[in-house]
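For reference, the structure is listed below as structure tokens.
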Amino acid sequence: MEPVTEIQELTPHSIDLAVAAVRDGGVVVLPTDTVYGVGANPFSAAAVSNLLAAKRRGHDMPPPVLLAEPSMMRALTAEVPQEAKLLAEAFWPGPLTLILDVQGSAGLRLGDTRGTVALRVPDHDGARALLRATGPLAVSSANLTGEPPATDCETALDQLGDAVSVYLSAGPTPGNVPSTIVDFSGGRTGVVLRVGALSLEELRAVVPGVEVHGVTVDVEPESADDGVDVEPPASLAGVVEGHSADNA
Numbered sequence: 001m002e003p004v005t006e007i008q009e010l011t012p013h014s015i016d017l018a019v020a021a022v023r024d025g026g027v028v029v030l031p032t033d034t035v036y037g038v039g040a041n042p043f044s045a046a047a048v049s050n051l052l053a054a055k056r057r058g059h060d061m062p063p064p065v066l067l068a069e070p071s072m073m074r075a076l077t078a079e080v081p082q083e084a085k086l087l088a089e090a091f092w093p094g095p096l097t098l099i100l101d102v103q104g105s106a107g108l109r110l111g112d113t114r115g116t117v118a119l120r121v122p123d124h125d126g127a128r129a130l131l132r133a134t135g136p137l138a139v140s141s142a143n144l145t146g147e148p149p150a151t152d153c154e155t156a157l158d159q160l161g162d163a164v165s166v167y168l169s170a171g172p173t174p175g176n177v178p179s180t181i182v183d184f185s186g187g188r189t190g191v192v193l194r195v196g197a198l199s200l201e202e203l204r205a206v207v208p209g210v211e212v213h214g215v216t217v218d219v220e221p222e223s224a225d226d227g228v229d230v231e232p233p234a235s236l237a238g239v240v241e242g243h244s245a246d247n248a
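1 is the number of the first residue of the sequence shown in the numbering used here; add one for each residue after it.
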């Protein structure tokens, strides 16, 4: 379909427009509970390439996948550790991204993920309505790489222009802090790669053994910084580059 470069209020009709765009391999902008996201069909390499091109981002930085329901996680992953299930039950829908080993037969075409997939269920009714209509979406933050993420649709339009087929607006996002990312891939039992909207204290109230880069640390509640990216170890650099730099 031809790009719709004006902003559409999020309605059943505009969701239908977005669904058609996604089916055609296009890119759509959508609101989430953190920042605005830019999404595409995660099962189409061409669609994901369009998303990455819109952001001026390489295939070595693949996007995370947003889900409408927590139950959809199992179809895309090889195994979900009990600790990951506990965090998902506690914080989904919400600002928690889980990195898990990908199910080889899932058919995801996200780029160089090194056998992993980053998953999140946003706590936003409009985003989840879209996701129920499209199925899972590859979603990154709706900004050019290196620029601040968009907390309103107008900012996303200014940055991404006609590289996006449909812009869906639900007003300013309720938050501007990105999700917290916890890695359970490769047999890990919970390694925090980024502290975002969820603090270490909140995570450890559910799974006491979560670590930061393989080293368990004690963090006083008042010292936990919810907005800081955590520098990854060399062994995880590709995973973190791909799944934490710009996720919505």
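From the three backbone atoms N, C-alpha and C, an ideal C-beta is built for every residue, glycine too.
Length of the line joining the Cα atoms of residue i and residue j
i    : j    : result
Y36  : E201 : 26 angstroms
D183 : T11  : 35 angstroms
T116 : V65  : 11 angstroms
G58  : L52  : 6 angstroms
G175 : A78  : 32 angstroms
A205 : E211 : 13 angstroms
A21  : K85  : 33 angstroms
V166 : G187 : 39 angstroms
P208 : S140 : 29 angstroms
G94  : L198 : 9 angstroms
V48  : D60  : 12 angstroms
A45  : R114 : 16 angstroms
V192 : Q82  : 16 angstroms
L160 : Q8   : 15 angstroms
G277 : A133 : For the chain, the structure presents residues 1 to 248; residue 277 sits outside this window and is missing.
A150 : D158 : 10 angstroms
D16  : A88  : 29 angstroms
Selected residue, minimal CA-CA separation from residue i, among the options
i    : options                : result
H213 : L198, R132, L157, I181 : I181
A248 : D162, A205, T145       : T145
G135 : D123, L86, G39, P63    : G39
A156 : P31, L17, D24, S14     : P31
A68  : V139, T189, L131, A18  : L131
P42  : A197, G196, L119, R56  : L119
R194 : L17, L98, A133         : L98
A75  : G104, N50, P63         : G104
F91  : Q8, D33, D158, R56     : D33
V162 : K55, V48, A129, P93    : Here the sequence assigns Asp to residue 162, which means Val is not the residue at that position. D162 has its Cα closest to that of K55, out of K55, V48, A129, P93.
G196 : G94, L203, V177        : V177
D112 : L17, A88, P62, P149    : P62
T189 : A133, D158, V80        : V80
A129 : E6, S14, T5            : S14
Per DSSP, the bridge partner or partners of residue i
i    : result
V117 : L100
Q8   : L168
G39  : V28, V139
E211 : V191
T77  : V102
V65  : L119, A138
Whole-number beta carbon distance between residue j and residue i, since they are thought to touch under 8 angstroms
i    : j    : result
V164 : V27  : 5 angstroms
S179 : L96  : 6 angstroms
A138 : L110 : 6 angstroms
V29  : A142 : 5 angstroms
G107 : A170 : That belief does not hold up - the Cβ atoms of G107 and A170 are roughly 30 angstroms apart, past 8 angstroms.
Burial state of residue i, where buried means 16 or more other Cβ atoms lie within 10 Å
i    : result
S71  : exposed
H124 : buried
R23  : exposed
D218 : Confidence at D218 is low in this model, with a pLDDT of 35, below 50, so the placement of that residue should be treated as unreliable; the coordinate-derived value is given next. Burial call: exposed.
E222 : Low confidence applies to E222: its pLDDT is 27, below 50, so where it sits in the model is not reliable, and the reading given next is rough at best. Looking at its Cβ environment, which holds fewer than 16 other Cβ atoms inside 10 Å, E222 is exposed.
P148 : exposed
Distance cut-off 6 angstroms: residue i Cβ against heavy atoms of the ligand ATP
i   : result
P12 : Looking for the ligand ATP in the displayed structure turns up nothing, as the structure carries no ligands at all.
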